[in-house]
Every structure is written in C-alpha cells, then in structure tokens.
Amino acid sequence: MKSISELLETTLAKAPCWAEARYHRRNSQSLSVQKGLVKQAKSNLTSGVGIRVFIDGAWGFSSTSDLNLQALEKALKQAIECAKSLSQLKKSNLKNLPETKLARGEFKIPGYETLKKMPLEQKLHAVLKAEELTRNNSALIHSATCVYNEIFEDKIVVTTDGANASSQLARNEFKIGAIASKDGEMAESHESVGRTGSWECLFSRTTLNEMSDSAAKLAVDLLSAPKIPGGNTVLILSPAMVGLLSHEAIGHTVEADFVLSGSVAQGKLGTLVASPLITLSDSGIVAGVEHSGGELLVDDEGVLTTKTVIIKNGILSSYLHNRESAAIYGVEPTGNGRAWLYSDEPLIRMRNTYIEPGTQTLEEIISSTKEGYLVDCPLGGQADATGEFMFGAQKVTKIENGKLTKMFRGATISGQAFEVLSTVDAVSREFLLDLGSGYCGKGQPAKVDAGGPYIRCRATIGGVQE
Amino acid sequence: MSPLFKNEKEKLETAANKLLSYAINSGADTAEVCGGYGTKTKITLEKQDYHLASSDDGYSLGVRVLKGNRQGFASCNSTDATELKEIAIKANEIAGFSPDNPHYNIQRANNIPIEAPHNLVDPALTEISLQTQKEWTQLLVAEATKDKRFRLNEGGVEIGTGISLVINSLGTHQMEVDTAASWSLMGMGVQDKLITSFDYFSHLSRHASTTPERIILSTRKFIEEVLRNLNTGRSESYKGLVIFSPRAVLDILISSLSYHFNGRVVAETTGRWGLKNRDQQILNSQLSLKDNPWLRDRSGCSTFDREGTPTRPMDLIEKGVLKSFCLDHYAAHALKLTSTGHAAGGPSSLPAVSTHTLCLAPGEESQHSLYQRVSAAQKSFLVVQRYSGQSDPVTGDFSGVAKGAEWWVNGERRYYVQETLISGNIFQALGEDLFAISKETEVIDCDEESPTLVINNISVTGG
Numbered sequence: 090m091k092s093i094s095e096l097l098e099t100t101l102a103k104a105p106c107w108a109e110a111r112y113h114r115r116n117s118q119s120l121s122v123q124k125g126l127v128k129q130a131k132s133n134l135t136s137g138v139g140i141r142v143f144i145d146g147a148w149g150f151s152s153t154s155d156l157n158l159q160a161l162e163k164a165l166k167q168a169i170e171c172a173k174s175l176s177q178l179k180k181s182n183l184k185n186l187p188e189t190k191l192a193r194g195e196f197k198i199p200g201y202e203t204l205k206k207m208p209l210e211q212k213l214h215a216v217l218k219a220e221e222l223t224r225n226n227s228a229l230i231h232s233a234t235c236v237y238n239e240i241f242e243d244k245i246v247v248t249t250d251g252a253n254a255s256s257q258l259a260r261n262e263f264k265i266g267a268i269a270s271k272d273g274e275m276a277e278s279h280e281s282v283g284r285t286g287s288w289e290c291l292f293s294r295t296t297l298n299e300m301s302d303s304a305a306k307l308a309v310d311l312l313s314a315p316k317i318p319g320g321n322t323v324l325i326l327s328p329a330m331v332g333l334l335s336h337e338a339i340g341h342t343v344e345a346d347f348v349l350s351g352s353v354a355q356g357k358l359g360t361l362v363a364s365p366l367i368t369l370s371d372s373g374i375v376a377g378v379e380h381s382g383g384e385l386l387v388d389d390e391g392v393l394t395t396k397t398v399i400i401k402n403g404i405l406s407s408y409l410h411n412r413e414s415a416a417i418y419g420v421e422p423t424g425n426g427r428a429w430l431y432s433d434e435p436l437i438r439m440r441n442t443y444i445e446p447g448t449q450t451l452e453e454i455i456s457s458t459k460e461g462y463l464v465d466c467p468l469g470g471q472a473d474a475t476g477e478f479m480f481g482a483q484k485v486t487k488i489e490n491g492k493l494t495k496m497f498r499g500a501t502i503s504g505q506a507f508e509v510l511s512t513v514d515a516v517s518r519e520f521l522l523d524l525g526s527g528y529c530g531k532g533q534p535a536k537v538d539a540g541g542p543y544i545r546c547r548a549t550i551g552g553v554q555e
Numbered sequence: 441m442s443p444l445f446k447n448e449k450e451k452l453e454t455a456a457n458k459l460l461s462y463a464i465n466s467g468a469d470t471a472e473v474c475g476g477y478g479t480k481t482k483i484t485l486e487k488q489d490y491h492l493a494s495s496d497d498g499y500s501l502g503v504r505v506l507k508g509n510r511q512g513f514a515s516c517n518s519t520d521a522t523e524l525k526e527i528a529i530k531a532n533e534i535a536g537f538s539p540d541n542p543h544y545n546i547q548r549a550n551n552i553p554i555e556a557p558h559n560l561v562d563p564a565l566t567e568i569s570l571q572t573q574k575e576w577t578q579l580l581v582a583e584a585t586k587d588k589r590f591r592l593n594e595g596g597v598e599i600g601t602g603i604s605l606v607i608n609s610l611g612t613h614q615m616e617v618d619t620a621a622s623w624s625l626m627g628m629g630v631q632d633k634l635i636t637s638f639d640y641f642s643h644l645s646r647h648a649s650t651t652p653e654r655i656i657l658s659t660r661k662f663i664e665e666v667l668r669n670l671n672t673g674r675s676e677s678y679k680g681l682v683i684f685s686p687r688a689v690l691d692i693l694i695s696s697l698s699y700h701f702n703g704r705v706v707a708e709t710t711g712r713w714g715l716k717n718r719d720q721q722i723l724n725s726q727l728s729l730k731d732n733p734w735l736r737d738r739s740g741c742s743t744f745d746r747e748g749t750p751t752r753p754m755d756l757i758e759k760g761v762l763k764s765f766c767l768d769h770y771a772a773h774a775l776k777l778t779s780t781g782h783a784a785g786g787p788s789s790l791p792a793v794s795t796h797t798l799c800l801a802p803g804e805e806s807q808h809s810l811y812q813r814v815s816a817a818q819k820s821f822l823v824v825q826r827y828s829g830q831s832d833p834v835t836g837d838f839s840g841v842a843k844g845a846e847w848w849v850n851g852e853r854r855y856y857v858q859e860t861l862i863s864g865n866i867f868q869a870l871g872e873d874l875f876a877i878s879k880e881t882e883v884i885d886c887d888e889e890s891p892t893l894v895i896n897n898i899s900v901t902g903g
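Chains as they are written, first to last, in the numbering used here: chain A, 90 to 555; chain B, 441 to 903.
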C-alpha cells in the first residue's frame with residue numbers, strides 16, 4: 090500500500106502544469122466548564138487533500154476527503170479546469186512560479202506525542218479544578234468559565250517543483266473567565282495562554298492556580314474601578330498590547346497581497362515609518378522563546394519559515410510573502426503561506442509577530458513618565474487599510490509623577506499605527522510573546538502569537554466625555 | 441423531497457443512520473446525529489485581479505451521545521464506516537468520564553409547520569455553469585473597477601448547495617436543502633495619499649434569474665459608500681446625540697443585547713434579565729425586536745434548528761416589554777420550559793443558543809425629519825456608519841472606533857471622520873437615552889434588519 094506522500098506524488102505526476110497537493114489531518118479536542126458543569130467536551134477529526142494548480146497566471150483549487158488515487162485525480166482534474174477557465178481573465182504578468190528553495194523531509198515540533206498520550210479525562214479534571222478555584226476565589230465572583238482547546242496537526246506538502254515536506258505539531262490553549270458582581274454592578278475579566286507543544290509547555294510561565302487567581306482578582310478590582318476619561322495621551326503598552334499593535338496594525342498592512350491592493354505600507358519600503366527604537370519582525374521560530382503559539386517550521390506551500398525583519402530601526406525593510414507575491418516583488422518567499430484546513434487555499438498569514446526588546450527596564454520607563462497610563466490585558470482588536478487600529482484593554486492604570494496610582498475600567502485605544510510607532514520614546518528590555526491563545530481571521534482562521542517589550546507612545550483612549 | 445441531490449441525500453442519510461446505530465451499540469442511552477453535505481464553486485478576486493477558481497464538495501457528521509446525565513460528542517468529515525465507528529466510540533468514551541449534568545437531553549422533534557418556507561432551492565441555480573459564474577464575477581469586477589479610486593483587496597462569487605440533516609434515536613428526522621449564490625467585496629478608496637478605512641459587503645440570492653441585476657446594484661451601492669469616505673476631516677469631542685446607521689445599530693447595540701436573550705445565559709444567571717422579567721418593561725417603549733427564521737431571502741432562513749426542533753418567528757421585545765427568551769433543549773430543561781428552536785451549530789459542534797434573523801421594528805418618523813430634529817437640538821453631531829470595537833455584553837458597555845462616520849455641522853454633512861472613538865452603554869442607549877427611531881429600515885448583508893436610531897449621552901472622542 091502506498092504511503093500518503095507517494096499517493097500525492099503519483100497524483101501530481103499526471104499534472105501538465107505546476108501543481109501542489111497538501112494532505113492535512115487535524116484532530117482537535119475542546120473542553121469547557123462553567124459554574125461547575127461541563128458545557129462542552131468534544132473531539133473533531135478533519136482530514137483530506139487540497140490540490141492547487143497554477144496555469145497561465147491563474148490558480149485552480151479543489152479538495153477531497155477521500156484518500157484514494159481516483160478521488161485525488163478527480164480533484165486534480167477539477168482544479169485544472171478551474172484554473173484554465175480563469176486564466177483567460179487574469180491580468181497579472183506572472184505566468185509561472187519561479188524556482189525557489191523548498192523543504193524536503195520531516196519537520197516535527199516536540200510535544201505532540203506527550204500531549205496526545207495524556208488522557209483527555211485528566212485534562213478535563215484540570216479544567217474543572219481551575220473553574221472551581223476561580224469561582225471560589227472571592228464571594229464577589231458570580232461565575233467562572235474555563236476552556237481548554239488542543240489541536241494536533243499532521244501535514245504533507247508535495248509540489249511538482251520539488252517540495253516534499255511532512256510536518257507535525259500540537260497547539261493548545263487554556264482560558265479562564267470570571268464575572269464579579271456587587272450591588273447590581275458586574276465586571277468581567279479574562280486570562281489566557283496558548284502554546285505549541287505539550288501540556289507542561291502551556292504552564293511553563295504561569296501556573297493554573299496563578300492564572301485563576303489573577304482572573305478572579307482582576308474581575309473583583311474592576312467592579313469598583315471608574316470609567317476612564319477619553320483623550321490623546323501618553324501610554325505604556327504591555328507586551329500583549331504591543332503584540333496586538335504589531336500583528337493587527339502593522340503586520341496586516343505589510344502582508345504583500347494587501348500591499349498590492351494598496352495598503353498604507355505600499356511604496357514605503359526603505360522609508361522611515363517608526364521611531365528608530367523600533368525593530369519589528371515576524372518569524373516561525375523566535376530565538377530564545379520556546380513553544381510560542383505561532384511556531385512553524387515549514388509553511389503550507391512547502392517553504393521553510395524564515396525570520397522576516399519588517400521594520401529595522403524604524404525603516405520599513407520587508408513585506409510578508411507567499412510564493413506568488415515573492416515572485417511579483419522579485420524576492421524570496423518568507424514562509425508565510427498558510428491554510429487552516431485541507432479545503433482552504435494557502436494565504437499570506439503571520440506567525441509570531443513582535444517588536445524586539447530595548448535596553449530600559451519597565452520600572453525606569455514608569456518612573457520617567459510624568460503623566461499617562463499603563464495599558465494591559467488586551468480584549469482583542471482590529472485594524473484596517475489605513476493602519477488605523479482599535480484595541481480593547483481590560484486593565485488601565487494611571488501613572489502620575491512616575492508612579493502607578495489608580496486603576497480604571499477597560500478602555501479602547503486607537504490611533505494610526507505608524508504614527509503611534511513614530512512617537513515611541515522608550516522600549517523595555519522585558520520581553521514576552523503573550524498572544525498565543527489568539528486566532529487571526531482573514532477569511533480563514535490562523536493560529537498566531539505576538540508580543541514584544543513594554544513601549545511608551547502616544548495614542549487616543551476612548552473613554553467618557555463630560 | 442426534491443429529486444435534486446438525490447444521491448447525496450441518500451449517502452448522507454445512510455451514513456447518519458449507521459453512525460446513530462454505532463453510537464447506541466457502543467453504549468449510549470440516546471444519541472443524535474447532525475450531518476451535512478456541501479458543494480460549492482467559487483471564483484475569488486485578489487489584488488485588483490481574478491485570483492482563483494475552486495470546486496469542492498464534502499460530507500460532515502457529528503454524534504452527540506447521552507449516558508444517563510453524561511454527554512459526549514465527536515465528529516468527522518467522512519462517510520467511511522471505520523471512521524464513523526471510531527467517532528461513535530470516542531463520543532461514548534467522552535461521556536464515560538464527563539461528570540453528570542442534569543440539563544443535557546435529547547428530545548423527539550415535532551413536524552415542521554406547513555407555513556414554514558419549505559423550498560429553499562432554485563433548480564436553475566444548481567445548474568449554473570462555471571462559464572455563467574465567470575460572467576457573473578465579471579459583472580462584479582466591472583462595477584467595482586469603474587471608478588479607479590476603489591481598490592479591490594478581495595472578493596468573489598460563490599454558488600453553493602448545502603444539505604442539513606438531524607436524526608436521533610427517539611425518532612427525529614429533519615432534512616433541508618438550501619441553495620444560494622453569494623458575492624462579497626472587501627476594499628478601500630485610494631486618492632493621492634488618502635486611504636479610506638477598509639470596507640466589506642456580502643450579499644446573497646436564492647434565485648438565478650435575479651442574481652446578475654442584484655450583483656450590479658449591490659456592488660454599485662457599496663462602491664459609492666466606500667468612495668464618499670475620501671472626503672475626510674476631524675470631529676470634536678462631545679457627549680450628546682449620535683445617529684446610528686442600521687448597520688451600527690446591529691453591530692454595536694443589538695449584537696450585545698442578544699446575549700441577554702440567550703436561554704443558557706438566563707439559566708446561568710449571568711445575564712441582565714430572568715424569567716421574572718417576562719412581560720415587564722425592560723427597554724424603551726419605542727422598541728420592538730423580533731427573531732424571524734422564515735424570511736426566505738435572508739441568510740439566517742431555516743426551518744429547523746441544530747437539534748431538529750422546528751423554528752418559528754418569535755417576538756423578543758414588544759414596545760419595550762420582554763416577551764421571550766431563545767431556548768435550546770438544554771436551556772429549556774434548566775428553565776423548565778420547552779425549546780423555541782434556537783439551537784445553533786453544525787455537524788462539528790455541540791448545540792449552542794443563537795438567534796436566526798433579528799429584525800428591529802421601524803418607528804414612525806422619516807429619516808429626513810429625524811436628522812432635522814437632531815440638527816435643531818445640537819450644532820454638530822456624529823453619524824456612525826460602521827464600528828470597530830469592543831462591546832461587553834455583561835455590563836453593556838461599548839467603546840470603539842466609528843468607521844466611515846459622518847460629521848454634521850449646522851444641519852449639513854461636512855465630511856467623513858477617521859480616528860473617532862465612541863463609547864456608551866447599550867442598556868442606557870436602548871432605554872432612557874433612545875431619542876428617535878426612523879421609519880425606514882435596512883437589511884444588512886442579507887440577514888438582520890434595523891431602522892436608524894438616534895441615541896443621547898454617547899461619548900465621542902475626536903482624533
């Protein structure tokens with residue numbers, strides 16, 4: 090019996106054009122507990138092969154969940170028919186994909202086997218315990234929710250121009266939510282962690298008990314916190330907030346497909362777009378950081394992931410590429426072609442996006458700030474073509490004369506990303522990738538991570554007006 | 441049953457029945473199978489150009505089992521007997537180690553009412569060739585590229601058919617086929633150094649004959665909306681009246697409000713209202729909100745829910761008075777009520793509670809008169825078109841960026857603003873701070889519907 094890799098190669102041998110066959114098996118489990126009751130315990134298995142062809146500048150794609158030669162050949166035929174149909178309309182001058190160095194062999198990230206061997210029952214007990222701990226942390230906690238998700242991925246990518254890479258990784262995440270209430274007032278908080286690797290990797294930095302305690306305490310503290318006054322002000326952003334800024338507001342604008350459509354980063358390569366203190370990168374592996382949530386060795390086009398320095402000392406130095414956009418720009422692909430399922434085509438997506446650390450300590454930055462806010466605990470956010478961003482933050486603490494004073498209720502911060510990065514005048518040496526439980530949405534989800542140091546900048550806080 | 445997709449229906453039913461029997465034979469007391477088949481052809485656009493054409497089809501099946509009060513669930517995307525057996529065993533294994541939860545239950549569903557929209561298939565749409573779909577995509581591109589200031593980031597035209605099936609060991613058997621053509625665009629306006637915010641629209645049609653015209657008209661309207669944002673300026677900070685477009689009403693106010701109609705939230709007492717609040721005034725008396733799953737041309741149209749329970753139109757709020765909550769069997773059991781057909785989800789997910797198509801009732805005042813009244817009350821004000829921000833459903837607080845927002849001064853629209861933040865609270869906004877409701881309504885993205893609202897005491901922070 091042929092191996093899957095051989096089956097893919099046999100199928101592609103009949104392709105009259107450039108073609109790619111990608112096998113993807115995804116097994117995910119999800120557990121959630123609220124108020125002591127299991128709300129969800131489930132297991133999903135999705136597997137199949139996506140076949141993509143490139144004919145006269147047009148892409149054709151088809152997929153099948155049947156792993157036999159007949160089904161794969163049918164998918165190849167459909168993909169060719171689709172591409173031929175579209176090639177008459179395509180305006181692009183790029184008719185073929187240029188040669189590039191492609192991955193061959195096995196690419197495994199440690200942790201897969203040990204996480205798989207750990208019984209799901211044991212993981213459920215941990216979720217139940219964490220929820221109970223959070224709920225019983227204070228009499229003011231009205232309810233708590235704990236969620237654990239894990240994904241096991243097995244992939245094989247074969248292309249007609251030489252890629253033949255099999256990869257294996259496991260990603261997991263743990264989330265705790267708490268709702269506190271008092272006298273009819275309610276406040277909500279969230280703590281989360283996401284990693285690539287084993288169960289132990291997930292709690293290597295913060296224990297479950299610490300996460301639970303932190304979520305409960307924040308919800309209780311927010312109950313009595315006032316709403317923040319709105320305005321343009323000095324902010325110190327935490328690593329998680331810096332991660333959001335790097336990913337949402339900068340990262341998306343430098344995805345080459347987006348640049349070609351006219352994003353704010355178009356035509357700015359080689360120009361000063363941020364403070365010289367800022368160096369911003371996107372990488373499959375981050376030196377010195379193990380088990381980051383967006384860890385990736387090879388992408389879904391069979392390209393080895395590289396570290397891409399997007400902004401170097403304030404100067405825009407690279408966009409993020411897949412094979413097609415790299416060919417258009419005449420550069421090497423950066424390993425950013427990623428697909429969520431076998432039935433999805435690879436798109437340009439980020440991996441781990443971060444600002445490099447600086448030299449000051451957080452303490453030094455706070456003590457040299459006369460007036461401003463320390464912004465932490467992101468609640469998600471969005472950005473658009475202009476680089477204008479909006480991020481929510483659960484925890485905002487006032488800084489007065491170099492000291493942290495009172496805490497405010499969650500707020501929204503906004504600004505134009507490149508303008509905000511131009512105002513950066515302090516970058517901490519403390520560094521953290523802290524968004525590993527996050528998903529990026531771009532038609533299909535992608536597991537990513539982001540972070541950086543603490544940075545001091547100016548932006549707008551959306552609060553109440555009197 | 442429509443003869444269309446006969447083979448696919450039979451294959452799906454056969455696999456679902458096998459899975460059900462495997463689940464019972466593996467130790468389940470009761471079991472439910474949710475299955476789906478989907479086929480689609482898609483032509484996508486990217487970077488101002490045609491990008492990719494694709495063609496796919498596939499099956500998915502999920503099984504929920506109950507062993508006493510313990511529940512397990514597993515799913516796969518295959519009809520292969522070996523994989524179906526594996527997921528039946530996995531679901532039972534999960535139920536085996538899960539703690540008791542008295543509210544899990546599986547029920548036999550009633551028949552779908554005769555007045556429900558039974559046929560969601562236009563046979564002509566299922567026979568559209570790739571060539572015709574290409575021509576429809578060309579219509580979309582032609583309209584989107586007429587004005588060179590519009591930059592097309594991505595979009596496309598998709599034609600798809602879905603078959604949904606729910607069966608259970610108590611005799612429930614519901615099947616529905618749904619065909620639609622849908623199209624979408626994402627892009628921005630670019631003029632010299634000025635770039636507008638990202639904008640997005642999607643639309644659907646269940647009739648082949650009207651699709652080309654609808655593609656042209658909906659795209660034209662969208663491009664006009666994007667390009668007018670090229671005239672930008674700054675807003676001022678203030679607290680007072682703000683006009684919310686129908687899209688903004690749905691995105692900011694109604695999406696958070698719907699959390700509080702979720703029966704599971706009510707059962708867990710994490711929402712604002714409980715059963716004791718039914719038939720009580722909870723919001724402004726000008727407000728009436730209905731959930732209507734029977735609107736044929738809306739994307740939320742369905743005749744039964746994730747558990748097979750028939751759906752029906754339902755009043756949630758009538759003149760500010762709370763009428764109903766949305767319930768699946770879990771919430772219904774916890775609240776000692778019956779399901780209202782609001783179990784949401786698909787073959788790879790467990791049932792959760794969600795609304796179908798929310799429709800906020802219109803007021804009696806014309807939009808023109810409403811703008812005049814606001815202009816008379818306030819020298820300058822903001823009109824929020826879209827929103828990018830946070831809404832905390834628990835507290836009702838929202839804070840975010842007003843996208844494509846208009847800045848009005850002395851009764852005239854001056855320009856569109858960027859980097860302007862708004863914040864407020866949904867309960868106050870839809871309670872004492874609701875100033876006016878327009879009589880005109882708009883359907884957003886072929887689904888939910890709302891009039892324009894004027895809300896007082898909204899904080900606006902100018903950029």
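C-beta: ideal position from N, C-alpha, C; glycine also.
Computed from a predicted structure; not experimentally measured.
For the candidate residues the options, whose alpha-carbon lies nearest to that of residue i?
i, options, result
"B:Asp-887", "B:Gly-498, B:Val-505, B:Asp-691", "B:Asp-691"
"A:Pro-187", "A:Lys-128, A:Leu-524, A:Ala-416", "A:Ala-416"
"A:Asn-298", "A:Val-282, A:Asp-310, A:Leu-311, A:Ser-287", "A:Val-282"
"A:Leu-468", "A:His-279, A:Gly-426, A:Pro-315", "A:His-279"
"A:Ser-92", "A:Lys-244, A:Trp-148, A:Ala-192", "A:Lys-244"
"A:Gly-540", "A:Ser-407, A:Ser-372, A:Phe-292", "A:Ser-372"
"B:Ile-534", "B:Asn-509, B:Asn-517, B:Gln-547", "B:Asn-509"
"A:Ala-89", "A:Asp-310, A:Ala-252, A:Pro-318", "Limits of chain A in this structure are 90 at one end and 555 at the other, which puts residue 89 of chain A out of reach."
What in chain A is Cβ-close to residue i, meaning under 7 Å?
i, result
"B:Val-834", "Ile-268, Met-275, Glu-277"
"B:Leu-790", "Gln-129, Lys-131"
"B:Glu-486", "Asp-346"
"B:Asp-768", "Those do not exist, as B:Asp-768 stays about 12 Å from chain A at its closest Cβ, beyond 7 Å."
For residue i and residue j, I'd like the C-alpha separation in whole angstroms.
i, j, result
"B:Ala-556", "B:Ala-549", "15 Å"
"A:Glu-95", "A:Tyr-201", "24 Å"
"A:Thr-549", "A:Gln-471", "15 Å"
"B:Met-441", "B:Asn-559", "Its pLDDT being 42, under 50, B:Met-441 is placed unreliably in this model, and the coordinates cannot settle the point."
"B:Lys-458", "B:Leu-524", "8 Å"
"A:Ala-160", "B:Thr-572", "26 Å"
"A:Pro-208", "B:Pro-791", "25 Å"
"A:Asp-564", "A:Leu-333", "Nothing can be reported for residue 564 of chain A: it is not among the residues displayed for chain A, which extend from 90 to 555."
"A:Arg-115", "A:Leu-101", "23 Å"
"B:Ile-683", "B:Gln-818", "12 Å"
Which first and last residues belong to the beta strand (DSSP E) in which residue i is found?
i, result
"A:Tyr-543", "538-551"
"A:Val-236", "230-248"
With residue i as the anchor, note down where its alpha helix (DSSP H) starts and where it stops.
i, result
"A:Ala-276", "Careful: A:Ala-276 lies outside any alpha helix (DSSP H), inside the beta strand (DSSP E) at 274-285."
"B:Lys-574", "570-584"
"B:Arg-746", "Segment: none, B:Arg-746 is in no alpha helix (DSSP H) and carries neither H nor E."
Going along chain B in order, which residues have a C-beta closer than 9 Å to the C-beta of residue i?
i, result
"A:Met-207", "Correct list: empty, because the minimum Cβ distance to chain B is about 13 Å."
"A:Ala-147", "Tyr-490, His-491, Leu-492, Ala-493"
Counting only Cβ pairs nearer than 8 Å, list the residues of chain B close to residue i.
i, result
"A:Thr-100", "In chain order: nothing, as chain B lies at least about 16 Å away."
Run through chain A and tell me which residues come within less than 8 Å of residue i, C-beta to C-beta.
i, result
"B:Val-630", "Gly-351"
"B:Leu-570", "Glu-170, Cys-171, Ser-174"
Could you round the C-beta distance between residue i and residue j to whole angstroms and report it? I think they count as a contact, below 8 Å.
i, j, result
"A:Arg-224", "A:Ala-233", "4 Å"
Could you tell me whether any non-hydrogen atom of the ligand HEM is closer than 7 Å to the CB of residue i?
i, result
"B:Asp-887", "The model on display carries no ligand, and the ligand HEM is accordingly not part of it."
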